[in-house]
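Residue numbers (this note's numbering): 19 to 172.
Okay, here's the thing in structure tokens:
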């Protein structure tokens, strides 16, 4: 029972301390300086309505990429055109048939390159070289603080 009373008293004291610490600052003026060029005249120049986005949706743009002749319909040939181009790149002997070797040429080339001692098996050290090289995420480039902002912090 004493634990509950001690917890309640501690909570009340914590709330009182927070109120006394923060109480005097609620009505104080803003600490940030006004933005350069911000005045009442600029605020009146704003439009009454927000600008609207383009009427084309993502699916409409996608449809437009497939519809090559722009007749409002996607034919089977238009739909399969990208797949035919990919097939043609893989079909190295141009016989219209894709063998397993033609399909897996990238993987077999990667294996042959990684297998340094050419024994037909990769060691853990050789396998590490097959990892996909990912581009690092770009770091945020923040603008340098201006000299006026540093003086206002005091």
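Built from N, CA and C at the ideal position, the CB exists for glycine as well. Only a predicted model underlies this, so the values are computations on that prediction, with no experimental measurement involved.
*Whole beta strand (DSSP E) elements within the segment 62-102, 3-residue minimum*: none
*Cβ neighbours of residue 172 in the same chain (closer than 8 angstroms, five flanking residues each side left out)*: For the purposes of this step, residue 172 is taken as the residue at position 154 of the chain shown. Legend: pLDDT at residue 172 = 49, less than 50; position of this residue unreliable, value from coordinates given subsequently. Correct list: empty, nothing qualifies.
_Endpoints, alpha helix (DSSP H) assigned at residue 128_ = Residue numbering aside, residue 128 sits at position 110 when the chain shown is read from its first letter. Start and end: 123-132.
*Note down, in chain order, each residue of its chain lying with its Cβ closer than 7 angstroms to the Cβ of residue 80, except the 5 sequence neighbours on either side.*
Along the chain shown, one-based indexing puts residue 80 at 62. Excluding sequence neighbours, residue 80 sits near nothing in its chain.
*Under 6 angstroms Cβ to Cβ from residue 134, same chain only, skipping five residues before and after it: list those, please.*
On the chain shown, residue 134 is found 116 positions in, with the first residue counted as 1. The residues are 144.
*Taking only the alpha-carbon atoms, compute the straight-line gap between residue 151 and residue 85 and give it to the nearest angstrom.*
Within the chain shown, residue 151 is the residue found at index 133, counting from 1. Within the chain shown, residue 85 is the residue found at index 67, counting from 1. Rounded to whole angstroms, residue 151 to residue 85 spans 35 angstroms at the Cα level.
_Test item: CB-CB of residue 108 and residue 120 under 7 angstroms_ = Residue numbering aside, residue 108 sits at position 90 when the chain shown is read from its first letter. Residue numbering aside, residue 120 sits at position 102 when the chain shown is read from its first letter. Closer than 7 angstroms, so yes.
_Other residues of its chain near residue 115: CB distance less than 8 angstroms, five sequence neighbours each side excluded_ = The residue you call residue 115 lines up with position 97 of the chain shown. Cβ neighbours of residue 115 beyond the five flanking positions: 109.
*Going by alpha carbons, who is nearest to residue 74 out of 82, 68, 67?*
Along the chain shown, read from residue 1 onward, the residue named residue 74 stands at position 56. Selected option, being the one with the closest Cα: 82.
_Option nearest residue 146 by Cα separation, candidates 113, 155, 106, 128_ = As a position in the chain shown, residue 146 is number 128, starting the count at 1. When each option's Cα is compared against that of residue 146, the closest is 128.
_Contacts around residue 161, its chain only, beta-carbon distance under 6 angstroms, and the 5 residues preceding and following it disregarded_ = Residue numbering aside, residue 161 sits at position 143 when the chain shown is read from its first letter. Nothing meets the Cβ criterion.
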